[in-house]
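Working notes, beginning with the structure itself.
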DNA sequence: CTAAAGCCTCACGTTGACGTGAGGGTCAAG
DNA sequence: CTTGACCCTCACGTCAACGTGAGGCTTTAG
């Protein structure tokens, strides 16, 4: 599929998709015309990219992670302990951010007057 | 207290503290010398600012919230429904981000090989 | 009295993830 | 065969939350 369709199917802007390629997160084929040609897996890949980006990982960190993900977020390849440690650091950062968000939400809740529900979200 | 001490006690850089003031998040008095003079409450205020910032709120959003927080994150003043709605929107955004982070962490966990623990964090 | 901290106000630099044209090919439809 | 609709590659612009001097007061320690 061409870039416009992928954009519509993922919600990512065309510029963003080209940017992801520039960062090595996506490597579409090229049609004789020079147009980018994405396969179906790209849809899932873009989804993962967006999740990780919104989680605060930068593109270089994602570039390290992506090649290790196959199918649907499966454990894979790379018994490289160096990468493992890097990921553990990222994981810790994410956990910190979750805690910050929960704290922030509590502040908002008290302002809104919402009862301090034990929200499963 | 002067800016250096507040910086040490909050972990925020001096530049950051001045920036918060520039954004209307902090309004220290001034000594005859022109030096900023912060009171004790500023310590807690800065802590709240940092929590909200790390939660992804921008300074203008925080500027709306802060005047409504007194003592320790207490429900207060402003029965203004317009603000309430704005806060509800922010809350929704935060919840979305928490979900994104949890999803991202799950991806990392599968890569690390960590068992998919029901982590209370 | 004299350094050495510490503080002040500009004001430009930085980083990441894109936005936004400029200028120009490609391709199905009428 | 000419519109549009899409696509391409530069390449500069943006926005937030600060970082980083430059140049110059003030206050504290000895």
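Chains as they are written, first to last, in the working numbering: chain L, 15 to 135; chain G, 15 to 135.
Ideal placement from N, C-alpha and C gives every residue a C-beta, glycine not left out.
- For residue 54 of chain L, the secondary structure class from DSSP, reduced to helix, strand or coil, is coil.
- A direct Cα-Cα distance of roughly 14 Å separates residue 117 of chain G from residue 126 of chain G.
- In the DSSP assignment, residue 44 of chain L is bridged to L:50.
- Using a Cβ distance threshold of 8 Å, residue 50 of chain L and residue 16 of chain L count as a contacting pair.
- Just measuring C-alpha positions, the residue of L:115, L:108 and L:23 sitting nearest residue 53 of chain L is L:23.
- If the five residues before and after residue 104 of chain L are omitted, its C-beta is found closer than 7 Å to the C-beta atoms of 71 and 75, all from its own chain and listed in chain order.
- From the beta-carbon of residue 36 of chain G, no residue of chain L is found nearer than 9 Å; the closest lies around 22 Å away.
- Per DSSP, reduced to three states, the secondary structure at residue 27 of chain G is coil, with no helix or strand assignment.
- DSSP places residue 75 of chain L in the uninterrupted alpha helix (DSSP H) bounded by 73-79.
- Residue-level contact check: residue 102 of chain G touches chain L, since one or more beta carbons of chain L fall below 8 Å from its beta carbon.
- Using a 10 angstroms sphere on the CB of residue 21 of chain G, the tally of other CB atoms reaches 16 or more, which defines it as buried.
- The beta carbon of residue 28 of chain L is closer than 6 Å to those of 17 and 21 in its chain, skipping five residues each way along the sequence.
- The DSSP-derived three-state label of residue 38 of chain G is coil.
- Between residue 114 of chain L and residue 65 of chain G, the C-beta spacing is below 8 Å.
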